[in-house]
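*Asks:* My questions all concern the structure below.
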Amino acid sequence: PGSIAFGRFDDSFSLASFRAYIAEFISTLIFVFAGVGSVIAYTKVSGGAPLDPSGLIAVAICHGFGLFVAVAIGANISGGHVNPAVTFGLALGGQITILTGIFYWVAQLLGAIVGAFLVQFCTGVVRHPYTRAFRRGRL
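Just so it is clear: in the sequence shown, position 115 is 133 by our numbering, and no numbers are missing.
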């Protein structure tokens, strides 16, 4: 295992680093879009019925395919972390610097936010009952 290193700012602002941040952003956006989009698509197709085994398999396959595409896009550029927990583990293991991990986190979180907004834009306003209950303070 490597040692934990903070990193240098000049390394974090190189062209290769920006390419890696953009790769993490796009990878996470695709994963969130595919995953959340598959759940919303199932909900619309099933008319809001509870999730049955075949629907669960369909949603799981969509998540798996989304993750496959996301990692394939980012693997050669940034390592294809896609998940902030993976980035955290690699930073603690000394595989990437703490500073690079922080920038990856920012890119991943922004990618997830943009992916969720893109799903909302593409599907219209779809709210889960728990979301409405939470906004009313009942959950």
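Just so you know, even glycine gets a beta-carbon here, dropped at the ideal spot from N, CA and C.
Predicted, not measured: the structure shown is a model, and the values here were computed from it.
Alpha carbon to alpha carbon, how far is Phe51 from Thr141? Give it in angstroms, no decimals.
*Replies:* In the sequence shown, counting from the first residue as 1, residue 141 sits at position 123. In the sequence shown, counting from the first residue as 1, residue 51 sits at position 33. One C-alpha to the other measures close to 11 Å.
*Asks:* On the DSSP letters alone, give me the boundaries of the alpha helix (DSSP H) that Ala109 sits inside.
*Replies:* For the purposes of this step, residue 109 is identified with residue 91 of the sequence shown, where counting begins at 1. That run of the alpha helix (DSSP H) goes 102-110.
*Asks:* With distances taken between CB atoms, is the gap from Ala34 to Gly92 smaller than 8 Å?
*Replies:* Position 16 of the sequence shown, counted from the first residue, corresponds to residue 34. Position 74 of the sequence shown, counted from the first residue, corresponds to residue 92. Not closer than 8 Å, so no.
*Asks:* In angstroms, rounded to a whole number, what distance separates the CA positions of Ser45 and Gly111?
*Replies:* Residue numbering aside, residue 45 sits at position 27 when the sequence shown is read from its first letter. Residue numbering aside, residue 111 sits at position 93 when the sequence shown is read from its first letter. If you take the alpha carbons of Ser45 and Gly111, they lie about 22 Å apart.
*Asks:* By the 10 Å Cβ neighbour count, where 16 or more other Cβ atoms means buried, how is Ile114 classified, buried or exposed?
*Replies:* Residue mapping note: residue 114 aligns to position 96 of the sequence shown, counting from 1. So Ile114 counts as buried.
*Asks:* According to the Cβ coordinates, are Ile9 and Arg37 closer than 8 Å?
*Replies:* Lying before the first or after the last residue shown, residue 9 is absent from the chain, which here runs from 19 to 157.
*Asks:* Could you tell me the alpha carbon to alpha carbon distance between Ser32 and Val54, rounded to whole angstroms?
*Replies:* Residue numbering aside, residue 32 sits at position 14 when the sequence shown is read from its first letter. Residue numbering aside, residue 54 sits at position 36 when the sequence shown is read from its first letter. About 33 Å.
*Asks:* Whole angstroms are fine: how far does the CA of Val132 sit from the CA of Tyr60?
*Replies:* Start at 1 with the first residue of the sequence shown, and residue 60 comes out as number 42. Start at 1 with the first residue of the sequence shown, and residue 132 comes out as number 114. Distance between the alpha carbons of Tyr60 and Val132: 21 Å.
*Asks:* Express the C-alpha separation of Thr105 and Trp123 in angstroms, rounding to a whole number.
*Replies:* The residue labelled residue 123 in the question sits at position 105 within the sequence shown. The residue labelled residue 105 in the question sits at position 87 within the sequence shown. Each residue's alpha carbon lies about 7 Å from the other.
*Asks:* If Leu47 sits next to Gly129, beta carbons under 8 Å apart, how far is it from one beta carbon to the other, in whole angstroms?
*Replies:* As a position in the sequence shown, residue 47 is number 29, starting the count at 1. As a position in the sequence shown, residue 129 is number 111, starting the count at 1. The Cβ separation is near 4 Å, so the contact holds.
*Asks:* Classify Ala23 as buried or exposed, calling it buried when 16 or more other Cβ atoms lie within 10 Å of its own Cβ.
*Replies:* Position 5 of the sequence shown, counted from the first residue, corresponds to residue 23. Flag for Ala23 reads exposed.
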